[in-house]
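*Asks:* The opening position of the sequence shown corresponds to residue 23 in the working numbering, with each subsequent residue numbered one higher.
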Amino acid sequence: MYAFEFTSNKQKKKEKIKSLTFTLTLAFLGLSALPLFITTSISILSNYRNNRSIIAGQQSLIAQEAANTVKGFIQEKLRVLSVAAYISNFENSSSEERGITLSRLLGMEPSFRHITLLNQQLREVYSLSRTSSQAMTKLTAETRDQIGQHLGKGENYVGAVYIDETTFEPMILTAVPIKNVFGDLRGALVTEINLKFMWDLVASLQIGEKGVAYVVDRKGNLLAFTDVSRVLRGENLSGLTEVAAFINQESPVAGQIKVAPGIFDTPVLTSHIPLVEPDWAVVVELPLSEAYAPVTRAIIFSVLITLCSLALAVFVGRYLARQITKPLIKLRDATRTISEGNLDMEIDITSADEIGELAATFNHMVQSITALIKKNQDAVNVIWEQSTLLRESAAQSAESMSTLALSIQQISKGATEQTVEAEKTATQANQLAEKIDSVSAKAREIEEITQTTRSLTEKSKDTVLLLQEKTGQTDQITREITGEINKLNLSLEQIRGITGVITNITEQTNLLALNASIEAARAGEAGRGFAVVATEINKLANQSRESARTIEQILNQVETLILNSTANADQAHQIVAEQRLAVDLTSNTFDQISSTLDAIIDLNSQLYSLVRQIDEFKTETLQSIFNISSISEESAAACEEVSAITEEQSGFTNQIKNLASKLNDLAGELIKISQIFTLSGAKSDS
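#1: Beta strand (DSSP E) containing V250: first to last residue?
#2: Between which two residues does the alpha helix (DSSP H) harbouring E264 extend?
#3: Go to S239, then tell me how far its beta strand (DSSP E) extends in each direction, as first and last residue.
#4: Which residue's Cα is closest to the Cα of T504: L262, S587, V523?
#5: Given this structure, state the Cα-to-Cα distance separating L259 from L217, to the nearest angstrom.
#6: Which one of A535, T318, A335, V180 has the shortest CA to CA distance from T47?
#7: Mind checking which residues open and close the beta strand (DSSP E) that includes S293?
#8: Just how far apart, CA to CA, sit E307 and A106?
#9: Whose C-beta lies closer than 6 Å to the C-beta of R135 among residues of the same chain, with five residues either side of it excluded?
#10: Could you please give me the residues that DSSP links to H136 through a beta bridge?
#11: I'd like to confirm the pairing. Which residues does DSSP put opposite A194 in its beta bridges?
#12: Which residue marks the beginning of the alpha helix (DSSP H) containing E118, and which one marks its end?
#13: Count the other CB atoms within 10 Å of the CB of A235; is the residue buried (16 or more) or exposed (fewer)?
#14: Per the DSSP calculation, G209 is bridged to which residue(s)?
#15: In three-state terms, what does DSSP make of N364?
#16: Tell whether a beta-carbon distance below 8 Å holds between V183 and D239.
#17: Can you tell which of L533, E515, V92 has the C-alpha that lies nearest to the C-alpha of S226?
#18: Between which two residues does the beta strand (DSSP E) carrying A303 extend?
#19: Within the same chain, show all residues whose beta-carbon is closer than 8 Å to that of D301, passing over the 5 residues directly before and after it, in chain order.
#20: Which first and last residues belong to the beta strand (DSSP E) in which A163 is found?
#21: Quick check: the Cα distance between N560 and D592, rounded to an integer number of angstroms?
#22: To the nearest angstrom, how far is the alpha carbon of L245 from that of G256?
#23: Count the other CB atoms, across all protein chains shown, that sit within 10 Å of the CB of L56; report buried if there are 16 or more and exposed otherwise.
#24: Kindly indicate the opening and closing residues of the beta strand (DSSP E) around K280.
#25: Check the DSSP bridge columns for N258 and list the partner residues they point to.
#26: Three-state secondary structure (DSSP) at E113?
#27: Let me make sure I understand the geometry here. Which of I322, T347, N178 has the alpha-carbon closest to that of T45?
#28: Touching or not, the stretch 192–199 and the stretch 161–179, by the rule of three or more beta carbon pairs under 8 Å?
#29: Output the residue ranges of the alpha helix (DSSP H) runs that lie fully inside the stretch 497–584 and measure 4 residues or longer, sorted by chain position.
#30: Note down the Cα distance separating T292 from I194, rounded to an integer number of angstroms.
#31: Any idea what DSSP makes of V183, helix, strand or coil?
#32: What does the Cβ neighbour count give for V442, buried or exposed, with the cut at 16 atoms within 10 Å?
#33: Please classify E312: does DSSP put it in a helix, a strand, or coil?
#34: By Cβ distance, which residues of its chain are closer than 6 Å to K280, with the 5 residues on each side in sequence left out?
#35: Can you list, in chain order, the residues of its chain with a C-beta nearer than 7 Å to that of Y108? Leave out the 5 residues immediately preceding and following it.
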């Protein structure tokens, strides 16, 4: 009797399985987390939208307040000028009275740097400045025309911002009309306003904690900002999204928030308010971190609540999972014990649910397996007895077959090896003959190719000589081009000197025209014609100055082209020199190739002679190989005589076959009994 053991001496691999407790806990957590996640997401989205609307309203209020402050600064100055123009009878007052009125205006408004009174023809009647050395240089004829157009429409004039060349402060020209009691235009009051006071006004605006405000004109030029250096540089901000919207005359949408890079190249909430008069805009920027701080705090609070709820769900889910898996763990432990070979056990689970039913079914299965093992043991005993008889007969057959197999093996081995070697040698001999013929043909081809290559080498050497000649010509032309460029550079310097003389003459003419204008103004009506001539001379001087500047720019461009041409000519000269070296090297290489080809032709002739000698020995070698093949065939015939001995062993083979048939029937009965149950995870050794 052989007992089946369910535990083997081999070490079993333990498979890593997933805990059912963990799975149930994870499932409970998922069912709890899904509605919690949906609720939290809806709450966060609602808070985000509400806070976004609040932020949009606050941003609009901040921008409007800043715009009103900046606009009020300019409007206040225009109102002061309008009141002064209305209550002062400039048309009928004397020069002394005009001076007193304008002096009071300068004392009243620190931002007024220069005040000029124009008559009905927009000609200067009286002018007053804080500094005697300063003059209103921007009040040109073109500016007067623009002032006349605005005043003719009943509008105040606000010019473009410019930086004073002396004080480096931002300035602007404004003008208000002077009318009589009937509303007729009788002149204009022009003021140069220092916008430095507006810088302090913009810097004092409180835009949150880290927000900023700045003013731009319709071209995107920065007019006022806390960083004064950027204003003095004349920085243009047309690349910013909000400034571009103002330039393109896009109207701000109420309640809309724009997130874009700001003036410091960081993401900000931005909006702008156009001032209309003047044609400026106030842009307000607030950092995203500050604007969305309430939203961020609300999201963090919601996430913390969600995490606490998830922790509670994990605790409850783990407790419920342990209550469910406790009987299953008992069933698992019992299964492990049975898999080790101990069938003398029973699971004690009395619950009335599916797990209790599973335990009862498992106990019944253990009893069935015990009965099955007993039947298998009886069948194995019978198989053992029959296999003993089969072993004795097989031993006798094996002894005879061993002797026969040894003889056949020795004879067959020798014959087979000899036959194989003979065939192999014959095949190699045929291949060798083919290779000899191929080598002979290739030797002829190599000789022809070598001769052709040598001919091409001679032609290439002629081409290289021609290339050397052309390279020398190219070098000469490059040197001539360099000389012509140097001459052109000298002519350019002469033209530049003439342009300097023209510029000096223009400056002197402009100064003379200015002096003439001053004298004409002093002469009054008598010098009006002379003033017109002086104005025309001034225009011609300005045109001459612009022409001189244009010529200077053209000369700079020509000079740049000359420098580039000189550099290119030098580079071309260097390339020609390198090309000449490469051509010389190529010529030497072709000489070496020609010498090498001569040596190859000599070696090829010797190779062809050796191939012909090898071909003469080919026939004798093939005849010897055919003789060896005949001897191998005679050895194979001897192997056929030995094979007759194997017939004597057929009787023993039949007896073994009958015994194997009985053993097969018994094994079939054992298989049918074993198929009643399937044993997984256990091995039995007999």
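Quick reminder that beta carbons are idealized off the backbone N, C-alpha and C, glycines included.
*Replies:* By the coordinates alone:
#1: From DSSP, V250 is part of no beta strand (DSSP E) but of the alpha helix (DSSP H) over 250–254.
#2: 263–269
#3: Checking the displayed sequence, the identity of residue 239 turns out to be Asp instead of Ser. It spans 234–239 - the beta strand (DSSP E) in which D239 sits, taken as one unbroken run.
#4: S587
#5: 19 Å
#6: A335
#7: 289–296
#8: 38 Å
#9: R152, E214, N216
#10: S151, E214
#11: In the sequence under discussion, the amino acid at residue 194 is Ile, which differs from the Ala named in the question. According to DSSP, which records beta bridges pairwise, I194 is partnered with I215.
#12: 117–130
#13: buried
#14: I200
#15: coil
#16: yes
#17: V92
#18: 302–309
#19: V180, D239, R240
#20: Counting along the chain, A163 falls outside any beta strand (DSSP E), though it belongs to the alpha helix (DSSP H) covering 163–174.
#21: 48 Å
#22: 8 Å
#23: exposed
#24: 280–283
#25: N243
#26: coil
#27: T347
#28: yes
#29: none
#30: 27 Å
#31: coil
#32: exposed
#33: helix
#34: T292
#35: none
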